[in-house]
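Have a look at the structure below, then the notes.
Rendered as structure tokens:
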């Protein structure tokens, strides 16, 4: 069981990591890719991950069994439209985006449901680009699959097996369930990290005292603020409703804590941190 001819449109951190994982486990797989930067293709060709040495037109993907869309969410949708007249009937298109609602709507509008299975590996880094790609990035990570109403069960089963063979953990979710979950555990945290960094940047003194003494706690909680601004611009637009709803919920929790501190309610403050510790400690490390 494997896909013999695979294509990648976009070859950054996630796409590059998946491509490297495939090549490590299935070295005979014919992998081609195109990107917004020739340097990316050159590097991936030189290290043996892909076979092509130049940027490719969309028509070059006509013989692929499996195509990964690894660009920002909105760009992936544009590529879907270009791929529709190009792909073979048996080709499966998947993506790696952290928002599924928009792309599934586009797949339905384009009549491509039989050829699309959404994907989202729950792995990443604040680093970006192919140079940061690592074949072990998706190892032991949940890999969400979001099939369409018309997805062939056989195709879905093949994708599950393939993802598992790459040492990831396949998990099937509906697109809306996925988007609410990722808004909670990924999108809002990135917004909070960036907000905290901006707060410190705007309130630091002329000697940059806060920047100079920022230590482990601040660095840990704000690490993800170094992620790609373009990617997060796309995510905020694509998952707008879910994110706005959670921002309101978070405001409520901050107001709750503000009340405890204002009233010097030490018991409630203690319970607040204890509840958070208990839940956080119950989350598996991997």
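Residue numbers (the numbering used here): 84 to 369. Where a beta carbon is used, it is the ideal one built from N, C-alpha and C, also for glycine.
### Query
Are residue 261 and residue 227 touching if we call contact CB-CB under 7 Å?
Against a cut-off of 7 Å, the Cβ pair of residue 227 and residue 261 comes out as a contact.
### Task
Report buried or exposed for residue 314, applying the criterion of at least 16 other Cβ atoms within 10 angstroms of its Cβ.
Label assigned to residue 314: buried.
#### Entry: Segments assigned beta strand (DSSP E), at least 3 residues, entirely inside the segment 234–263
Runs of beta strand (DSSP E) with 3 or more residues, each lying fully within the segment 234–263, are found at 252–255, listed in chain order.
### Query
Since residue 278 contacts residue 181 with CB under 8 Å, what's their CB separation in whole angstroms?
Not really, about 19 Å apart at Cβ, beyond 8 Å.
### Message
Just verifying my parser: in three-state terms, what is the DSSP assignment at residue 88?
### Response
In the three-state reduction of the DSSP assignment, residue 88 falls in the strand class.
### Query
Is it true that the CB of residue 183 sits closer than 7 Å to the CB of residue 234?
In terms of Cβ geometry, residue 234 and residue 183 do not form a close pair [threshold 7 Å].
### Query
Along the chain, where does the beta strand (DSSP E) that runs through residue 151 open and close?
In the DSSP assignment, residue 151 falls within the beta strand (DSSP E) that extends over 149–152.
#### Entry: Among 341, 301, 102, 201, nearest to residue 257 - alpha-carbon criterion
Measuring C-alpha to C-alpha distances from residue 257 to each of 341, 301, 102, 201 identifies 201 as the nearest.
### Task
Look at the Cβ atom of residue 145, then the Cβ atom of residue 169, and state whether they are nearer than 7 Å.
In this structure, residue 145 sits near residue 169, with a CB-CB distance shorter than 7 Å.
### Task
Please go through the same chain and pick out, in chain order, the residues whose beta-carbon is closer than 6 Å to the beta-carbon of residue 217, but skip the five residues on each side of it.
The residues are 100.
### Query
Is the segment 149–165 close to the segment 127–136, with three or more CB pairs under 8 Å?
Result no; under three Cβ-Cβ pairs closer than 8 Å.
### Query
At a cut of 8 Å, does the segment 89–104 reach the segment 113–122 through at least three beta carbon pairs?
Touching, yes, given that three or more Cβ pairs across the two stretches are closer than 8 Å.
### Message
Could you compute how far the alpha carbon of residue 140 sits from the alpha carbon of residue 240?
### Response
In this structure, the alpha-carbon of residue 140 lies about 30 Å from that of residue 240.
### 7 Å Cβ shell around residue 142 - same chain, five flanking residues per side excluded
Correct list, in chain order: 169.
### Query
Does the distance from the CB of residue 126 to the CB of residue 213 come in under 7 Å?
It is a contact, given that the beta carbons lie within the stated cut-off.
### Query
In its own chain, which residues sit with a C-beta less than 6 Å from the C-beta of residue 317, not counting the 5 before and 5 after it?
The residues are 155, 156, 157.
### Query
Is the beta carbon of residue 271 less than 7 Å from the beta carbon of residue 329?
Contact: yes.
### Message
Relative to the C-alpha of residue 331, which candidate in 300, 106, 102, 266 has its C-alpha closest?
### Response
Of 300, 106, 102, 266, the residue nearest in Cα terms is 266.
#### Entry: Spatially closest choice to residue 108 from 366, 222, 301, 96, by CA coordinates
Of the listed residues, the one whose Cα sits closest to residue 108 is 222.
### Message
Strictly by DSSP, which residues pair up with residue 300?
### Response
None, per the DSSP bridge assignment.
#### Entry: N- and C-terminal bounds of the alpha helix (DSSP H) containing residue 335
Segment 323–345, the alpha helix (DSSP H) holding residue 335.
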